[in-house]
Structure formats: structure tokens, C-alpha cells
Amino acid sequence: RKEVEQDPGPFNVPEGATVAFNCTYSNSASQSFFWYRQDCRKEPKLLMSVYSSGNEDGRFTAQLNRASQYISLLIRDSKLSDSATYLCVVNGGGGSNYKLTFGKGTLLTVNP
Amino acid sequence: DAGVTQSPTHLIKTRGQQVTLRCSPISGHKSVSWYQQVLGQGPQFIFQYYEKEERGRGNFPDRFSARQFPNYSSELNVNALLLGDSALYLCASSLDGGRVGEAFFGQGTRLTVV
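Respectively, the protein sequence lines represent chains A and B.
So for the first sequence, my numbering puts the first residue at 14; every next one is plus one.
So for the second sequence, my numbering puts the first residue at 19; every next one is plus one.
Set out below in C-alpha cells:
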């Protein structure tokens with residue numbers, strides 16, 4: 014089983030749509046969780062951290078379910094500028110606090 | 019303020035050669051990590067350095083080595099290059115060794131091995 018697995022995608026949605034990304038992780042001792050965004054041929058950038066209580070940043074909502082080892086990202090009212098690859102990222106657990114473990118990424122294209 | 023800077027941005031090498039990639043972290047950041055990203059995959063962890071000491075190493079062969087300097091900049095060296103080493107090499111800077119999730123990435127070095 015891969016350490017971090019994401020929806021394979023790609024996702025193609027119209028502007029204004031709501032889109033959800035799902036992610037599971039295998040290491041139950043993982044401590045920190047993030048969503049990063051990566052534009053084509055650019056570096057990854059931190060989108061938001063994910064907390065057990067759930068957290069929201071504008072149109073973006075992230076949720077964490079530790080019991081199910083499941084992370085989600087919801088984007089409401091999609092914009093053209095949201096087109097990117099979304100990376101689910103996990104940190105820590107089993108003495109590996111020093112590294113980030115990335116999923117493969119899910120490509121989102123928002124169409125006019 | 020300058021972000022994370024990496025050099026060179028692009029590089030073409032032949033099999034068997036050696037390469038050195040460089041990274042300067044954000045001012046005040048003491049932790050530097052290196053990641054390899056092949057096309058269609060997420061970044062894979064190679065090394066983390068904090069206060070000039072190696073804190074962790076990913077599942078990469080000994081051909082990969084790195085170091086961190088007193089000014090916290092870092093170099094990644096890859097010896098005996100293979101075609102499969104072609105990838106985007108990313109450097110990530112974070113404030114300290116315990117908050118690596120809040121990492122800032124450089125634009126990367128795109129290495130092509132022919």
C-alpha cells in the first residue's frame with residue numbers, strides 16, 4: 014500500500030463548480046497534514062494545513078479523519094486560477110518527522 | 019525578501035557524469051530538504067539537513083549525497099548519473115527541523131541525463 018494515495022484524476026470542472034479531492038495515508042502515527050498546490054512546471058506551494066477539527070480558508074475547506082486515515086479538500090466556486098495539481102502531504106510518524114510524504118497529485122482543470 | 023533560490027535552473031548531463039545542485043534557503047531558515055520529482059509523480063524525499071547535520075535520508079542510493087554549510091545553504095551531489103535520475107530536484111526551506119510541513123520550495127533544478 015502506498016504511503017499517501019490520492020484520487021487519480023484528472024478532474025475537469027466548469028467555473029463555479031464545487032470539487033472535492035480525497036486522500037488516504039497508511040501511517041497511523043503521522044502527525045501533520047497539508048495540501049500543497051503545484052502549477053505546471055513550477056514548485057509546490059503550501060495551500061493549507063489540515064487540522065482534526067477541520068479548517069476553512071475562503072473557498073477552501075480541509076478535513077482530517079484520523080480514525081479513517083483520510084484527508085479531504087473541498088473547493089467551492091471554482092475559478093480558472095484554481096487549475097493546478099493538488100498534492101496531499103503527510104509528515105511524521107515512526108520517527109520520520111524530518112520528511113514530507115507526498116501523494117501523486119490530482120490534476121484539476123477549471124474550464125470557462 | 020528573497021525566497022528559496024536554486025541553481026542552476028536547467029542542466030543536461032550524460033550518463034556516468036557527476037552533478038552538483040545548489041540551494042540557498044530563506045534568510046533565517048535553518049532547515050533544508052531535498053526532493054526528487056519525476057514526471058507525473060509527487061516529490062520524493064531525499065535528505066533533510068538542520069543546523070548542518072543530516073537529520074534524515076530517503077530511500078536513495080549512496081550515489082546521492084548532500085551537505086549544509088555554516089550559512090545554511092546546501093548542495094546536493096549525484097555521482098555516476100543514470101538516465102533514471104532525470105527529474106526536477108527541489109529544495110525546501112523551513113524555519114526549523116520540527117516544522118518541515120510549513121516548507122517553502124525553490125523553483126527547482128530540472129536535470130536531464132542523456
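All C-beta atoms in this analysis are idealised placements derived from N, C-alpha and C, irrespective of residue type, glycine included.
None of these values were measured; they are calculated from a predicted model.
Around B/H28, the same chain offers R128 as residues with beta carbons nearer than 6 Å, after the five sequence neighbours per side are excluded.
Under the three-pair Cβ rule at 8 Å, the stretch 63-83 of chain A does not count as touching the stretch 27-44 of chain B. Annotated three-state conformation of A/G67 is coil, per DSSP. Within the stretch 99-126 of chain B, L108, A110, G115, G116, V118, G119, E120, A121, F122, F123, G124, Q125, G126 place their CB atoms closer than 8 Å to a CB of chain A, listed in sequence order. Under a criterion of Cβ atoms nearer than 7 Å, the residues of chain A adjacent to B/R73 are, in order, Y111.
Residue pairing by DSSP leaves A/S39 without any beta bridge partner.
Judged by beta-carbon spacing, A/F34 lies beyond the 8 Å limit of A/T122, meaning their Cβ atoms are not closer than that value.
Around the beta carbon of A/S66, fewer than 16 other beta carbons sit within 10 angstroms, so the residue counts as exposed. Residues of chain B whose Cβ lies closer than 8 Å to the Cβ of A/T114 are, in chain order, F63.
Only residues of its own chain outside the window of five on either side were considered, and among them I88, L121, V123 have a CB closer than 7 Å to the CB of A/D95, listed in chain order. Secondary structure of B/L106 (DSSP, three-state): strand.
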